[in-house]
Amino acid sequence: MNIVFAISEVEDLVKTGGLADVGKALPIALKEAGYNVIIVLPYYQAIANQLEMAPEKLASACPQQTLFTQSQVYHFDVKQLNWNGIDVYFIDYPEYFSREGLYSNGYDVYRDNGERFSFFSGAVLNTLPAIGFQPDIIHCHDWHTAMLPFLMEHEHSGYFENTSTVFTIHNAAFQGVHRLESIPFLRHHPNILSQVHGGYINMLQSGIEFASKITTVSPTYAQELLTNLGSHGLHDRLVARQQDLIGILNGCDYSQWNPEHDDFLPENYSVETLQAKSASKVALQQLAALPQQQNAPLFGMVCRLTEQKGFGYLLPILNELMHHKIQMVIVGTGDPEVCMDLGEFAQLHPDKFAFISGFSTKHAHLVEAGADFFLMPSQFEPCGLNQMYSLAYGTIPIVRAVGGLKDTVVDISQDKEQATGFVFEEPSPQALLGCIRRALLYFYEHPAEFRQMQIRGMQTRFTWQDAAANYAALYRQIAS
Numbered sequence: 001m002n003i004v005f006a007i008s009e010v011e012d013l014v015k016t017g018g019l020a021d022v023g024k025a026l027p028i029a030l031k032e033a034g035y036n037v038i039i040v041l042p043y044y045q046a047i048a049n050q051l052e053m054a055p056e057k058l059a060s061a062c063p064q065q066t067l068f069t070q071s072q073v074y075h076f077d078v079k080q081l082n083w084n085g086i087d088v089y090f091i092d093y094p095e096y097f098s099r100e101g102l103y104s105n106g107y108d109v110y111r112d113n114g115e116r117f118s119f120f121s122g123a124v125l126n127t128l129p130a131i132g133f134q135p136d137i138i139h140c141h142d143w144h145t146a147m148l149p150f151l152m153e154h155e156h157s158g159y160f161e162n163t164s165t166v167f168t169i170h171n172a173a174f175q176g177v178h179r180l181e182s183i184p185f186l187r188h189h190p191n192i193l194s195q196v197h198g199g200y201i202n203m204l205q206s207g208i209e210f211a212s213k214i215t216t217v218s219p220t221y222a223q224e225l226l227t228n229l230g231s232h233g234l235h236d237r238l239v240a241r242q243q244d245l246i247g248i249l250n251g252c253d254y255s256q257w258n259p260e261h262d263d264f265l266p267e268n269y270s271v272e273t274l275q276a277k278s279a280s281k282v283a284l285q286q287l288a289a290l291p292q293q294q295n296a297p298l299f300g301m302v303c304r305l306t307e308q309k310g311f312g313y314l315l316p317i318l319n320e321l322m323h324h325k326i327q328m329v330i331v332g333t334g335d336p337e338v339c340m341d342l343g344e345f346a347q348l349h350p351d352k353f354a355f356i357s358g359f360s361t362k363h364a365h366l367v368e369a370g371a372d373f374f375l376m377p378s379q380f381e382p383c384g385l386n387q388m389y390s391l392a393y394g395t396i397p398i399v400r401a402v403g404g405l406k407d408t409v410v411d412i413s414q415d416k417e418q419a420t421g422f423v424f425e426e427p428s429p430q431a432l433l434g435c436i437r438r439a440l441l442y443f444y445e446h447p448a449e450f451r452q453m454q455i456r457g458m459q460t461r462f463t464w465q466d467a468a469a470n471y472a473a474l475y476r477q478i479a480s
């Protein structure tokens with residue numbers, strides 16, 4: 001079976017978020033399972049910079065390609081790279097992709113993103129016949145490639161007569177809403193007006209309408225997408241397609257997140273040597289300039305500083321938390337107001353609370369290993385990865401019962417024998433505070449059971465091989 005991944009970022013090549021993790025791990029797992037997989041993504045400036053030191057690795061995949069619309073002609077090149085045994089094809093159109101960032105310049109979102117990624121979707125379909133690749137499945141990801149199923153149905157029915165599309169929603173909050181007038185690639189398309197509402201086109205909505213099957217990144221998030229609140233306003237469209245909607249849980253890359261072989265830790269550890277985890281706690285306390293107290297439970301958090309991540313629940317209870325014998329380290333960037341609030345709070349409580357503005361892989365690994373608890377009080381969380389990392393490192397997750405968090409963390413009140421963390425449901429600061437206090441009581445009053453919970457988490461696995469098997473079953477179902 002021939003599978004095409006049309007995606008806007010792939011880890012190791014270019015990355016801004018969790019989408020890239022899927023873009024790397026899932027194709028590799030499918031390749032290992034025997035599927036013929038290729039990846040197509042834009043040739044960003046960041047990729048060109050990375051590969052310019054080894055130009056011999058790149059090849060021209062086919063002669064220069066041309067796309068025509070009523071208002072513009074696009075000439076683009078297609079470059080090819082063999083990466084982890086997978087052929088990756090880059091759409092090289094410098095006017096759109098040779099820029100400082102993928103979606104923004106670091107401060108402002110590119111106003112022509114709708115045009116850039118509509119063109120990319122069309123270029124993918126133009127490239128596949130040019131390189132002689134006849135796909136059974138084209139797997140599209142998020143709004144950046146959401147117009148591809150629409151274009152395939154209306155423009156390429158011949159070559160793709162036996163091709164189906166899978167459209168994965170990684171986060172329905174990002175929908176790709178753009179004025180049609182700002183998209184020369186689409187604005188004169190004879191069938192586009194059916195996708196336009198009030199002069200705007202919602203690309204995620206188009207992907208939902210035209211894809212053969214729709215997936216998302218956890219079973220619970222699939223159910224949440226059928227509600228008006230959980231779908232961010234796309235409820236009616238998704239309910240109409242619910243027979244074609246399936247939630248498949250993302251996996252975790254344990255080759256990168258494994259305390260037994262983690263080069264970022266001062267001392268590696270395993271289930272058998274869990275006591276060595278304390279060395280990471282000391283290192284994290286040193287990094288955060290906190291007192292080195294092993295008997296004070298340390299709470300960690302690494303995330304984008306946005307409302308989605310639950311700061312509306314956490315910030316109002318920080319003062320109450322400081323009455324307890326705890327420490328807390330938060331690492332991240334994002335909303336300037338949240339950054340300011342965390343920075344000011346750290347100055348008021350230097351012995352208990354630390355805020356590290358910025359992000360580094362080393363800091364992320366050290367928090368996962370050095371903390372006793374990991375906080376993820378998200379408003380919504382399609383899948384989440386940090387709770388999986390936390391489990392692998394024997395760090396107990398405290399999460400809200402949404403999306404993939406609900407699918408991966410078992411609360412002690414739900415099943416004491418299988419419990420791996422602490423879960424709260426109500427979206428409120430007091431519910432989070434109550435959950436943290438439950439965790440503190442367990443830490444202090446039941447140390448042996450707490451250690452068993454750590455061990456259960458470290459023995460839990462959410463693999464990309466399992467995810468790939470579920471996607472492969474879906475591909476086969478569509479193909480048959």
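Here the sequence shown is numbered in full-length UniProt numbering, starting from 1 and rising by one per residue. From the three backbone atoms N, C-alpha and C, an ideal C-beta is built for every residue, glycine too.
Contact check, Ile86 vs Val37, beta carbons under 7 Å: yes
By the three-class DSSP mapping on this structure, what secondary structure does His197 have? strand
Secondary structure at Arg254, three-state DSSP: helix, strand or coil? In the sequence as displayed, the identity of residue 254 is Tyr instead of Arg. Coil at Tyr254, not helix or strand.
What residues match up with residue 509 in a beta bridge as DSSP calls it? The first residue shown for the chain is 1 and the last is 480, placing residue 509 beyond what the model contains.
Are the CB atoms of Leu432 and Ala371 within a distance shorter than 7 Å? no
Evaluate contact between the segment 38-49 and the segment 81-96, counting only Cβ atoms and requiring at least three cross-stretch pairs below 8 Å. yes
My output table needs one value for Val338: the three-state DSSP class, helix, strand or coil. helix
Using a 10 Å radius around the Cβ and a threshold of 16 neighbouring Cβ atoms, would you call Lys213 buried or exposed? buried
For Asn105, which residues in the same chain have their Cβ closer than 8 Å to its Cβ, ignoring the five residues on either side in sequence? Arg99
Considering only the beta carbon of each residue, do Gly300 and Phe355 sit closer than 7 Å? no
Beta strand (DSSP E) segment containing Phe462, residue limits: No beta strand (DSSP E) contains Phe462, which DSSP labels as neither H nor E.
Can you give the beta carbon distance from Val4 to Pro135, rounded, assuming they're within the 8 Å contact cut? 5 Å
Across which residues does DSSP place Pro42 in a beta bridge pair? Ile91
In three-state DSSP terms, what is Ile214? strand
For Ala54, does the count of other Cβ atoms within 10 angstroms reach 16, so buried, or fall short, so exposed? exposed
Are Gln242 and Asn202 closer than 7 Å when you measure CB to CB? no
Please determine, among Thr395, Ile169, Pro129 and Gly122, the residue with the shortest C-alpha to C-alpha distance to His141. Ile169
Neighbourhood of His75 by C-beta, 7 Å cutoff - its chain only, sequence neighbours within 5 removed: Gln64 and Thr66
Find out if the Cβ-Cβ distance for the pair Ala222, Gly247 is shorter than 7 Å. yes
Please state the DSSP three-state secondary structure of Asn319. helix
Neighbourhood of Glu9 by C-beta distance below 8 Å, restricted to the same chain and skipping five residues each side: Lys15, Thr16, Gly17, Leu19, Ala20, Gly23, Leu41 and Leu102
Given this structure, state the Cα-to-Cα distance separating Glu272 from Asp341, to the nearest angstrom. 40 Å
Compare the beta carbon distance of Gly421 and Val402 with 7 Å and say whether it is the shorter of the two. no
Using only the alpha-carbon positions, how far apart do Asn2 and Gly34 sit? 10 Å
Please work out which residues of its chain come closer than 7 Å, Cβ to Cβ, to Ser231, disregarding the five sequence neighbours upstream and downstream, and give them in chain order. Ala172, Leu225 and Leu238
Those residues which DSSP pairs with Val239 across a bridge: Looking at the DSSP assignment, Val239 forms no beta bridge with any residue, so it has no partner.
Residue 501 in three-state terms, based on DSSP: Outside the modelled stretch of the chain, which goes from 1 to 480, sits residue 501, for which no answer is possible.
Inter-residue Cα distance where the pair is residue 484 and Glu368: Residue 484 cannot be examined here, being either before or after the span of the chain that is shown, 1 to 480.
Need the endpoints of the beta strand (DSSP E) that Asn2 sits in, please. Asn2 to Ala6
Residue closest to Leu385, alpha-carbon to alpha-carbon, out of Phe462, Leu58 and Val196: Phe462
Top-ranked residue by Cα proximity to Pro377, from Pro336, Glu344 and Phe311: Phe311
Taking 7 Å as the cut-off, decide whether the C-beta atoms of Ser182 and Gly114 are in contact. yes
Test item: CB-CB of Ala419 and Met458 under 7 Å: no
Within this structure, are the beta carbons of Val78 and Thr127 separated by less than 7 Å? yes
Looking at Cys339 and Val217, is the spacing between their C-beta atoms short of 7 Å? no
If you check the beta carbons only, do Ala364 and Phe353 fall under 7 Å apart? no
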